[in-house]
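Participant: These protein sequence lines map, in sequence, to chains A and B.
Add 38 to the 1-based position in the first sequence for the working numbering, that's all there is to it.
Add 951 to the 1-based position in the second sequence for the working numbering, that's all there is to it.
C-beta atoms are modelled at their ideal positions from N, C-alpha and C, and glycine is treated no differently.
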Amino acid sequence: MANVIDGVKYTKEHEWIKIEGDTAVEGLTDYAQSELSDIVMVELPTVGKKVKAGDAVGTIEAVKAVSDLYAGLSGEIVEVNDKVVGEPALINKDAYGEGWLYKIKIDDAKEADNLLSPEQYKELIEKH
Amino acid sequence: MAKKTPFYDKIIQNKGRIVEFADFLMPMQFEGIIPEHNAVRNSVGVFDVSHMGEVEIRGSDRVKFVNYVTTNDASKLAPNQVQYSTMLYPDAGIVDDLLVYNLKDRMFLVVNASNTEKDFAWIMENKKYDVEITNRSDEIGQLAVQGPKAESVMQKLFDLDLSTIEFYHAVEIDMKGIPVILSRTGYTGEDGFEIYLESKYAADAWDMVFSAGKEFDIKPIGLGARDTLRFEMRYCLYGNDIDKTTNPLEAGLGWIVKLDKEEFIGRDPLSEIKKRGVQRKLVGFESLTKGIPRHLQEIYAGDEKVGFVTSGTFAPSLKKGIGMGYVNLAHTAIGNKLKVMGKEPIEVQIIKGPFYKHGSRK
Chain A
39 MANVIDGVKY TKEHEWIKIE GDTAVEGLTD YAQSELSDIV MVELPTVGKK VKAGDAVGTI
99 EAVKAVSDLY AGLSGEIVEV NDKVVGEPAL INKDAYGEGW LYKIKIDDAK EADNLLSPEQ
159 YKELIEKH
Chain B
952 MAKKTPFYDK IIQNKGRIVE FADFLMPMQF EGIIPEHNAV RNSVGVFDVS HMGEVEIRGS
1012 DRVKFVNYVT TNDASKLAPN QVQYSTMLYP DAGIVDDLLV YNLKDRMFLV VNASNTEKDF
1072 AWIMENKKYD VEITNRSDEI GQLAVQGPKA ESVMQKLFDL DLSTIEFYHA VEIDMKGIPV
1132 ILSRTGYTGE DGFEIYLESK YAADAWDMVF SAGKEFDIKP IGLGARDTLR FEMRYCLYGN
1192 DIDKTTNPLE AGLGWIVKLD KEEFIGRDPL SEIKKRGVQR KLVGFESLTK GIPRHLQEIY
1252 AGDEKVGFVT SGTFAPSLKK GIGMGYVNLA HTAIGNKLKV MGKEPIEVQI IKGPFYKHGS
1312 RK
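(1) Could you name the residues of the stretch 46-79 of chain A whose beta carbon sits closer than 8 Å to any beta carbon of chain B, in the order they occur along the chain?
(2) What's the gap between the Cα of LEU94/A and the Cα of ALA109/A?
(3) Establish whether the CB of PHE1265/B and some CB of chain A are separated by less than 8 Å.
(4) Is the distance from the Cβ of GLY1004/B to the Cβ of THR1085/B below 8 Å?
(5) If we count the other Cβ atoms within 10 Å of its Cβ and call it buried at 16 or more, is VAL85/A buried or exposed?
(6) Pairing CB atoms from the stretch 966-986 of chain B with CB atoms from the stretch 1149-1159 of chain B, are three or more of them under 8 Å?
(7) Give me the residue from ASP960/B, GLU1213/B, MET977/B with the minimum Cα distance to ALA953/B.
(8) Is any heavy atom of the ligand FAD found at a distance shorter than 7 Å from the C-beta of SER1036/B?
(9) Give the DSSP bridge partners of LYS1037/B, in chain order.
(10) Taking only the alpha-carbon atoms, compute the straight-line gap between TYR1307/B and ALA147/A and give it to the nearest angstrom.
(11) Taking the continuous beta strand (DSSP E) assigned at PRO1267/B, which residues delimit it?
(12) Just to confirm my understanding: we take LEU1210/B, look at its own chain, exclude 5 residues before and 5 after, and list those with CB closer than 6 Å. What are they?
(13) Going by other Cβ atoms of all chains shown within 10 Å of its Cβ, with 16 needed for buried, is ASP1070/B buried or exposed?
(14) Would PRO1305/B and GLY1272/B be called neighbours here (beta carbons separated by less than 8 Å)?
(15) Could you tell me which of ASP999/B, VAL1014/B, THR1022/B sits nearest to ASN1198/B, measuring between CA atoms?
(16) Any chance the stretch 1039-1053 of chain B sits against the stretch 1181-1196 of chain B, with 3 or more Cβ pairs inside 8 Å?
(17) If I follow the unbroken alpha helix (DSSP H) through PHE958/B, where does it start and stop?
(18) Quick one: is LYS954/B near chain A, going by C-beta distance under 8 Å?
(19) Can you pull the chain B neighbours of LYS121/A, defined as C-beta to C-beta under 9 Å?
(20) Can you list, in chain order, the residues of its chain whose CB lies under 8 Å from that of VAL101/A, leaving out five sequence neighbours each side?
(21) Check whether the stretch 1096-1115 of chain B touches the stretch 1053-1067 of chain B, counting contact only when three or more Cβ pairs, one atom from each stretch, lie closer than 8 Å.
(22) Given that VAL101/A touches chain B, what residues does it touch there, using C-beta distances under 8 Å?
(23) Can you name the residues that DSSP bridges to GLN1093/B?
(24) Quick test of the definition: if touching needs 3 or more C-beta pairs under 8 Å, does the stretch 1074-1090 of chain B touch the stretch 990-997 of chain B?
(25) Quick one: give me the first and last residue of the alpha helix (DSSP H) that ILE1157/B is part of.
(26) Which partner residues of TRP54/A appear in the DSSP bridge assignment?
(27) What residues are listed by DSSP as bridge partners for ALA1252/B?
(28) Give me the Cα-Cα distance between VAL1017/B and VAL1006/B, rounded to the nearest whole angstrom.
(29) For ALA1298/B, list the residues DSSP reports as bridge partners.
(30) Going by CA-CA distance only, name the one from GLU81/A, GLU164/A, ASP151/A, ILE144/A that's closest to THR61/A.
(31) Does GLY1274/B come out as helix, strand or coil in the three-state DSSP assignment?
(32) Would you mind reading off the limits of the beta strand (DSSP E) that contains ILE1337/B?
(33) State yes or no: is the beta carbon of LYS1290/B nearer than 8 Å to at least one beta carbon in chain A?
(34) Along chain D, which residues have their Cβ under 8 Å away from the Cβ of GLN980/B?
(35) Going along chain A, which residues have a C-beta under 8 Å from LYS1241/B?
(36) Go ahead and label THR1037/B buried or exposed: buried means 16 or more other beta carbons lie within 10 angstroms of its beta carbon, across all protein chains shown.
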């Protein structure tokens, strides 16, 4: 069973979002990495890019499938995980840790209310 | 209801991630496509390929009949020799690609799982001469043991010196009490064997092979790695690279079409195509830029659409995106650069031969 951790929010598109003050760290959930299997290429947004919640901001390519990355919250990309671009398997190994993808400076903290709680996300993936 | 292969319990015990494929419950992967792929390239791995179909043809005219329904020349087969071939519709579209085994008392045809019913019906429909045709797919299990260490593993299970079995040859033999057909064949580009046996022996055979392979860290391999391995060798996959809308000449399978042999289904239109020349060709290409070509993406030369991708994947041995696709003849020169329309356009270059050139295949 896929690992759903506490202390973060989730999107329906299988990203996790950890809010730290006015910044959010986003990554791919353990469920998503497990479904995609061996991830071999990652394209992340450029630092400075303004994004809206729900925008496609990058691409995850696994051996068998390709998947879009969606921003969970609106704001500005302030940092991306360059290490994961060089070593995409980090997402498979440690989706909630070393496999983080990018940080967003949040426009509106209230937007986070639209995200899923760990319980809601668990429910979502159990339906699959 | 999807069918289970006779190795299903073993697959579950080994934590195979099950998907439905060609109406069978099959493992997509065990520990991961890339480690499984590498195990086969570097040591040895085992595939449950029991979903493949087996059709037996007996009777005094069996060679003549097989020659009539397939494109390669079955009459050239030595005893126990195996041949890659295709079956065609009368318009030269491909019914299936298959292996033809010339066994002592029968021809043994191994066909694609997704085509077994269709192929059997097609063979029956075209039955002539003195032959007796049986679909044995439901009774036969099959394992493929593939990799540079395959012979060392398998040798432990046979008295016969396996180095005497040449590539694309078979023996009917006893594997520690289990009657099997053992052939030096495979779909990976590595040395290896395929073992056909009655389903009731499946569990014992699995245990034997894994215990013989223990010292080489033998691993079960799923369909995911089966696809990346075959694709790095540029082997065609029916349903992707070839189907009823493609003919063997444009697919680069001219080497298994013998137009000068006796009559076979599809010969006349194929002779025409050969005379006229093909309009398009199945080419292999590798990504020069980021991105992995994927099935059915369009291929462009400048602003002109010139083809489409039939198979595309990340090549674990080469660590880049590779693809195959049908491209209009004018754009098929080796070294030619084209654009595959992924989410971002991918620049690709047409290459010659297999993508992976270091296999241990004999």
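Facilitator: So, to answer that:
(1) Result list: SER75, ASP76, VAL78, MET79.
(2) Numbered from its first residue, the first sequence carries residue 94/A at position 56. Numbered from its first residue, the first sequence carries residue 109/A at position 71. It is worth fixing the name first, because residue 94/A is Ala in this sequence and not Leu. Between the alpha carbons of ALA94/A and ALA109/A lies a distance of about 7 Å.
(3) Counting from one through the second sequence, the residue named residue 1265/B turns up at place 314. Taking Cβ atoms only, chain A reaches closer than 8 Å to PHE1265/B, which makes this a yes.
(4) Position 53 of the second sequence, counting from 1, holds the residue named residue 1004/B. Position 134 of the second sequence, counting from 1, holds the residue named residue 1085/B. Contact: no.
(5) Here residue 85/A corresponds to residue number 47 of the first sequence, with the count starting at 1. So VAL85/A counts as exposed.
(6) No: the two stretches stay apart, fewer than three of their Cβ pairs being nearer than 8 Å.
(7) Reading the second sequence from its first residue, position 2 is the one you call residue 953/B. Here the closest residue by C-alpha is MET977/B.
(8) This structure lacks the ligand FAD, and indeed carries no ligand of any kind.
(9) Within the second sequence, numbered from 1, the residue matching residue 1037/B stands at position 86. Note that residue 1037/B is Thr in the sequence shown, not Lys. In the DSSP output, where bridge partners are listed per residue, THR1037/B has ASP1048/B.
(10) Within the second sequence, residue 1307/B is the residue found at index 356, counting from 1. Within the first sequence, residue 147/A is the residue found at index 109, counting from 1. Straight-line Cα distance between these residues: approximately 51 Å.
(11) Here residue 1267/B corresponds to residue number 316 of the second sequence, with the count starting at 1. Looking at the DSSP string, PRO1267/B is not in any beta strand (DSSP E), and its letter there is neither H nor E.
(12) Here residue 1210/B refers to the residue found at position 259 when the second sequence is read from its first residue. The beta carbon of LEU1210/B sits closer than 6 Å to those of SER1222, all from its chain and outside the five residues before and after it, given in chain order.
(13) Here residue 1070/B refers to the residue found at position 119 when the second sequence is read from its first residue. By the neighbour-count rule (16 or more Cβ atoms within 10 Å), ASP1070/B is buried.
(14) Here residue 1305/B is taken as the residue at index 354 of the second sequence, counted from 1. Here residue 1272/B is taken as the residue at index 321 of the second sequence, counted from 1. Not closer than 8 Å, so no.
(15) For the purposes of this step, residue 1198/B is taken as residue 247 along the second sequence, with counting starting at 1. Relative to ASN1198/B, the option among ASP999/B, VAL1014/B, THR1022/B whose CA is nearest is THR1022/B.
(16) Segments in contact, yes.
(17) As a working note, residue 958/B is residue 7 in the second sequence. Note, PHE958/B: premise wrong, no alpha helix (DSSP H); not H, not E.
(18) Along the second sequence, read from residue 1 onward, the residue named residue 954/B stands at position 3. Chain A contact via Cβ: absent.
(19) Position 83 of the first sequence, counted from the first residue, corresponds to residue 121/A. Result: empty, since nearest Cβ-Cβ is about 17 Å, beyond 9 Å.
(20) Along the first sequence, one-based indexing puts residue 101/A at 63. Taken in chain order, the residues that qualify are SER75, ASP76, VAL78.
(21) Counting Cβ pairs under 8 Å, fewer than three are found: no touch.
(22) Position 63 of the first sequence, counted from the first residue, corresponds to residue 101/A. Contacts between VAL101/A and chain B, judged by CB atoms closer than 8 Å, involve ILE984, ILE985, GLY1175, THR1179, THR1264, PHE1265, PRO1267 in chain order.
(23) Taking the second sequence and counting its residues from 1, one reaches residue 1093/B at position 142. Secondary-structure assignment with DSSP links GLN1093/B through a beta bridge to TYR1147/B.
(24) Proximity of the stretch 1074-1090 of chain B to the stretch 990-997 of chain B falls short of the contact definition, fewer than three beta-carbon pairs being nearer than 8 Å.
(25) In the second sequence, counting from the first residue as 1, residue 1157/B sits at position 206. Per the sequence shown, residue 1157/B should be read as Trp rather than Ile. Start and end: 1153-1163.
(26) Counting from one through the first sequence, the residue named residue 54/A turns up at place 16. According to DSSP, TRP54/A bridges with TYR48/A, GLY65/A.
(27) Here residue 1252/B refers to the residue found at position 301 when the second sequence is read from its first residue. Answer is GLU1255/B.
(28) For the purposes of this step, residue 1017/B is identified with residue 66 of the second sequence, where counting begins at 1. For the purposes of this step, residue 1006/B is identified with residue 55 of the second sequence, where counting begins at 1. Looking at the backbone, the Cα of VAL1017/B and that of VAL1006/B are separated by about 11 Å.
(29) For this step, residue 1298/B is matched to residue 347 along the second sequence. Rather than Ala, the amino acid found at residue 1298/B in this sequence is Glu. As a beta-bridge residue in DSSP terms, GLU1298/B pairs with LYS1290/B.
(30) As a first step, residue 61/A must be located in the first sequence, where it is residue number 23. Ranking GLU81/A, GLU164/A, ASP151/A, ILE144/A by Cα distance to THR61/A puts ILE144/A first.
(31) Looking up residue 1274/B in the second sequence gives position 323. DSSP places GLY1274/B in strand when its eight states are reduced to three.
(32) What is shown of chain B runs 952 to 1313, which leaves residue 1337/B out entirely.
(33) On the second sequence, residue 1290/B is found 339 positions in, with the first residue counted as 1. For LYS1290/B, the answer is no, since every Cβ of chain A falls outside 8 Å of its Cβ.
(34) Included in the structure are the protein chains A and B, with no chain D among them.
(35) If you number the second sequence from 1, residue 1241/B lands on position 290. Within chain A, the residues near LYS1241/B are MET79, GLU81.
(36) Taking the second sequence and counting its residues from 1, one reaches residue 1037/B at position 86. Buried.
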